[in-house]
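Student: Residue numbers (my numbering), protein chains in the order written: chain A, 6 to 318; chain B, 712 to 1224.
Glycine residues also receive a C-beta, built at the ideal position from the N, C-alpha and C atoms.
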């Protein structure tokens, strides 16, 4: 047991306790949490800073507004409803189309108006929010999957998680939805995490439920050596989020839209540790290397460049 | 930097806790283990005399230096008499005085004493240096015999203690030579007479005195103080049995007074009768500690939980266990890495186990949660809003509890009634959390967290309500400072959790080839 711990330590694997004590508690001021815990807040900040985000169609904040849902949706036939303070992809409802009076959910189920209203009401009452606090529901643009990912995802849109420390991207992974995860790109629910080489944006092998894999479990296609387009844009997008919130240690979730390119989905002040398994590499050494830097460049582009030089292939 | 700060703080807290505990254990003799009772002696001296209507003064020696006994309480029953207690040559003396008493009079002196051990009492401390006696002028008839005997004894001894011992042995020996026989008859040394022995010891310039001790016996009346010989060895008084020259007095000897003055003396009346009785009884160690604290003028027991009303004490017996349970939760979550429903829900469940007992508690809890969960799944299909749904679950939980109680009562399972002791809101919240985890992360995660919750609750119960541990935290609540120190240190623990070793093990497997 002790030898396992020692070897993990040699690999520089970051444990939950160290992440919390040394990085999150030290670099993330608590007053900044609301900026990322409330996605509406993050969206507004990002929008003001000119960072590309999925367009917000509307917000439902009180029960009374649930009836206004159709007018908020307007002409859009596809959209996403998500809780502003949700976590782990819970409570996200993806509507892909319209069938007469009903809405088509991403998994092919038809939902009537009442079902959607119930979902929104639940969201408002805090069912999906952290700590069960009252919440609001966001209705926003549904990201269209880039054809690149068709071969390696199932039933949803993959996203890219980049862990940013002191404004410098330190580790990244591609999160792919699977049948097991119900179309969500969340590793806890059975999504696949694929490591990304920071300088090049090429994918490594993957991990599902903490077991290393090389092929997508549903499509059977190899996960390795997929080149992510616009990788440098994604890196600088992640770097720019540092100025947005002031958080020292966070995870930026970015989606790649077929038409719009990289969009910032949300920020996470407590990014998980599975990214290390996906990359087969420990976060701790990388974080310590960034910590050792005397000066952090003020320019996001420069910081994104620093990531490429600091963490070579 | 922060680590150092936390470590210092923890160190200070632990030092505070331990020094308070040490004080309570070493000085106040509070028990470290749950032994609820201590044995104490009630000793009563009854002084009776007949008064003739003239002013009366009665002087009575009372114990002052009592090795092996702690005088916990002392009580004079004096009626209309005036009472004065003063010290005189290392003794204490009570003086009762009355102006015109008439008829038969009784005075009482009572003490409550705790016997520290059963071991023999070998010596008593010397409060001040005694006067060294002059060598007495022995009669010509015995002078040479005494000198010869003392020279003989001196040759066979190493120090004062052995000198006295050898001398006493020689004088007590059955087959005695002429010298000893002469000395024995001249100094009237027989049957524990001590004055003669003292004269002989004075021949070697060794200070000695007579001390009267009462050997306490359970239920004894009419105890007579027996004389013991005390010999000064330069630092303390060594006790010898004058009858057989043995060292030390039995552990139950309560030393009453020194010197050869009579135990009781009076003016204005004939010599009073003294009857000493003793009785052994048992009192709670806490009472004993409180009395002892009074004796040492220590305020610490005034601020003890033991000074609270009994009902409040019982509440604190439970409350003080909670931080220990919290420490268990911290260990389970941050060091082991087990996930539970809610942070402190396991402790609340463990508190409920306290009432239901462990096995019944587990059985009832699992039954309640699984029944509640199945009904909760039905509610899920009704698409209820959050708060009304929670309220419905609470209602169902209460109905289930009532149902289980009634059914188990009919089946004659009395323990089943204790289901009513589960905090229903906690159960309802657990059901709600379990069903959300089930829905969102699958049944596997729900079972895992449920098991983690139950495991932590069981462990918490076993630690929190361990007889010894709950005794410790109740009698030494300052130990909670130590618990606080431990949780503070764990708050800066940045090592791996046990579960992470499992979680990341695949990384090592890949690396090895």
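At a CB distance below 8 Å, what residues from the segment 981-1005 of chain B approach chain A? Give them in sequence order.
Tutor: If the cut-off is 8 Å between Cβ atoms, the segment 981-1005 of chain B has nothing near chain A.
Student: Per DSSP, which one or two residues make a beta bridge with residue 759/B?
Tutor: Translated into the one-based positions of the second chain, residue 759/B becomes position 48. In the DSSP output, where bridge partners are listed per residue, residue 759/B has 817/B and 984/B.
Student: Does any residue of chain B bring its CB to less than 8 Å from the CB of residue 217/A?
Tutor: As a first step, residue 217/A must be located in the first chain, where it is residue number 212. Yes, residue 217/A lies at the interface with chain B (some Cβ there is under 8 Å from its Cβ).
Student: Label residue 84/A either buried or exposed according to how many other C-beta atoms from any shown protein chain fall within 10 Å of its C-beta, with 16 as the threshold for buried.
Tutor: Counting from 1 along the first chain, the entry for residue 84/A is found at position 79. Looking at its Cβ environment, which holds 16 or more other Cβ atoms inside 10 Å, residue 84/A is buried.
Student: Please compile the residues from chain B whose C-beta is within a distance smaller than 7 Å of the C-beta of residue 131/A.
Tutor: Taking the first chain and counting its residues from 1, the one referred to as residue 131/A is at position 126. Near residue 131/A (Cβ distances below 7 Å), the residues of chain B are 1097.
Student: With a threshold of 6 Å on Cβ separation, who are the neighbours of residue 105/A within its own chain once the five nearest residues in sequence on each side are excluded?
Tutor: By 1-based counting over the first chain, the position of residue 105/A is 100. Excluding positions up to five away in sequence, the list is empty.
Student: Measure the beta-carbon distance from residue 1205/B to residue 1049/B and round it to whole angstroms, keeping in mind my assumption that it falls under 8 Å.
Tutor: Against the second chain, residue 1205/B aligns to sequence position 494. Against the second chain, residue 1049/B aligns to sequence position 338. Going by Cβ atoms, the distance from residue 1205/B to residue 1049/B rounds to 18 Å, so no, they are not a contact pair.
Student: Per DSSP, which residues does residue 218/A bridge with? Please list them.
Tutor: Here residue 218/A corresponds to residue number 213 of the first chain, with the count starting at 1. DSSP lists 211/A as partners of residue 218/A.
Student: Helix or strand or just coil, what does DSSP make of residue 275/A?
Tutor: As a working note, residue 275/A is residue 270 in the first chain. In the structure shown, residue 275/A sits in coil (DSSP, three-state: anything other than H, G, I, E or B).
Student: Based on Cα-Cα distance, which residue from 127/A, 162/A and 197/A lies nearest to residue 213/A?
Tutor: As a first step, residue 213/A must be located in the first chain, where it is residue number 208. Answer by Cα proximity: 197/A.
Student: Quick one: which chain A residues come within Cβ less than 7 Å of residue 1151/B?
Tutor: Locating residue 1151/B in the second chain gives position 440, counting from the first residue. Within chain A, the residues near residue 1151/B are 95.
Student: Which stretch, first to last residue, makes up the alpha helix (DSSP H) that contains residue 1146/B?
Tutor: If you number the second chain from 1, residue 1146/B lands on position 435. First-last of the alpha helix (DSSP H) with residue 1146/B: 1135-1175.
Student: Could you check where the alpha helix (DSSP H) with residue 1077/B kicks off and where it finishes?
Tutor: Translated into positions along the second chain, residue 1077/B becomes position 366. Element bounds for residue 1077/B: 1069-1093.
Student: Just to confirm my understanding: we take residue 715/B, look at its own chain, exclude 5 residues before and 5 after, and list those with CB closer than 6 Å. What are they?
Tutor: Taking the second chain and counting its residues from 1, one reaches residue 715/B at position 4. Counting only Cβ-Cβ distances below 6 Å, and skipping sequence neighbours, we find nothing.
Student: Beta carbons nearer than 7 Å to chain B: which residues of the segment 23-35 of chain A have them?
Tutor: Within the segment 23-35 of chain A, the qualifying residues are 23, 26 and 27.
Student: Identify whether residue 1223/B lies in helix, strand or coil by the three-state DSSP scheme.
Tutor: Numbered from 1 along the second chain, position 512 holds the residue referred to as residue 1223/B. A caution first: residue 1223/B carries a pLDDT of 46, below 50, which makes its placement in the model unreliable, though a value can still be read off. In this structure, residue 1223/B counts as coil in the three-state DSSP scheme.
Student: Using a cut-off of 8 Å between C-beta atoms, extract the partners of residue 20/A located in chain B.
Tutor: Within the first chain, numbered from 1, the residue matching residue 20/A stands at position 15. Chain B residues near residue 20/A: 1205, 1206, 1207, 1208 and 1211.
Student: Roughly how many angstroms separate the alpha carbons of residue 69/A and residue 1161/B, rounded to a whole number?
Tutor: Reading the first chain from its first residue, position 64 is the one you call residue 69/A. Reading the second chain from its first residue, position 450 is the one you call residue 1161/B. Near 37 Å, if we compare the C-alpha coordinates of residue 1161/B and residue 69/A.
Student: Could you check the C-alpha separation between residue 218/A and residue 210/A for me, to the nearest Å?
Tutor: Taking the first chain and counting its residues from 1, the one referred to as residue 218/A is at position 213. Taking the first chain and counting its residues from 1, the one referred to as residue 210/A is at position 205. Near 6 Å, if we compare the C-alpha coordinates of residue 210/A and residue 218/A.
Student: Would you verify that the beta carbon of residue 1219/B is, or is not, closer than 8 Å to some beta carbon of chain A?
Tutor: Within the second chain, residue 1219/B is the residue found at index 508, counting from 1. Taking Cβ atoms only, chain A reaches closer than 8 Å to residue 1219/B, which makes this a yes.
Student: Counting along the chain, where does the beta strand (DSSP E) carrying residue 919/B start and finish?
Tutor: Taking the second chain and counting its residues from 1, one reaches residue 919/B at position 208. Looking at the DSSP string, the run of the beta strand (DSSP E) that includes residue 919/B is 919-926.
Student: What are the start and end residues of the alpha helix (DSSP H) that includes residue 1001/B?
Tutor: Taking the second chain and counting its residues from 1, one reaches residue 1001/B at position 290. 996-1006 is the extent of the alpha helix (DSSP H) around residue 1001/B.
Student: Which residue's Cα is closest to the Cα of residue 1078/B: 999/B, 1035/B and 1165/B?
Tutor: Taking the first residue of the second chain as 1, we reach residue 1078/B at position 367. The option with the nearest alpha carbon to residue 1078/B is 1165/B.
Student: Under 8 Å Cβ-Cβ, which residues of chain B neighbour residue 10/A?
Tutor: Translated into positions along the first chain, residue 10/A becomes position 5. The answer, in chain order, is 1206, 1207 and 1212.
Student: What first and last residue would you give for the beta strand (DSSP E) that runs through residue 735/B?
Tutor: Residue 735/B sits at position 24 when you count from the first residue of the second chain. No beta strand (DSSP E) holds residue 735/B; the alpha helix (DSSP H) holding it covers 713-737.
Student: Since residue 254/A sits in a beta bridge, which residues does DSSP pair it with?
Tutor: On the first chain, residue 254/A is found 249 positions in, with the first residue counted as 1. Looking at the DSSP assignment, residue 254/A forms a beta bridge with 170/A.
Student: Would you call the CB atoms of residue 983/B and residue 758/B closer than 8 Å?
Tutor: Taking the second chain and counting its residues from 1, one reaches residue 983/B at position 272. Taking the second chain and counting its residues from 1, one reaches residue 758/B at position 47. Yes, these two residues count as a Cβ contact at 8 Å.
Student: DSSP three-state label for residue 904/B, please.
Tutor: The residue you call residue 904/B lines up with position 193 of the second chain. Residue 904/B falls in the coil class under three-state DSSP.
Student: Cβ of residue 145/A versus every heavy atom of the ligand ZN: is any distance shorter than 7 Å?
Tutor: This structure does not include the ligand ZN; it has no bound ligands of any sort.
Student: Once you ignore the five residues that flank residue 1224/B on each side, which residues in its own chain have a CB closer than 6 Å to its CB?
Tutor: If you number the second chain from 1, residue 1224/B lands on position 513. Low per-residue confidence applies at residue 1224/B: pLDDT is 40, beneath 50, and the placement is therefore not dependable enough to give any value.
Student: Within 10 angstroms of its Cβ, does residue 6/A collect 16 or more other Cβ (buried), or is it exposed?
Tutor: Your numbering for residue 6/A matches position 1 in the first chain. Exposed: under 16 other Cβ atoms inside 10 Å.
Student: For the segment 256-285 of chain A, which residues have a beta carbon sitting closer than 9 Å to at least one beta carbon of chain B?
Tutor: So the close ones are 278, 279, 281, 282 and 285.
Student: Straight-line CA distance for residue 890/B to residue 856/B?
Tutor: On the second chain, position 179 is the one that residue 890/B refers to. On the second chain, position 145 is the one that residue 856/B refers to. Each residue's Cα considered, the two are about 5 Å apart.
Student: Only counting the same chain, and skipping five residues up and downstream in sequence, which positions put a Cβ closer than 7 Å to that of residue 1190/B?
Tutor: To locate residue 1190/B, count along the second chain from 1; it is residue 479. The answer, listed in chain order, is 728, 732, 1183 and 1184.
Student: So that I know if they touch, is there some Cβ in chain A lying closer than 8 Å to that of residue 1014/B?
Tutor: Position 303 of the second chain, counting from 1, holds the residue named residue 1014/B. No, no contact with chain A.
Student: Going along the chain, which unbroken runs of the beta strand (DSSP E) with 3 or more residues stay wholly within the segment 832-903 of chain B?
Tutor: The qualifying runs are 834-836.
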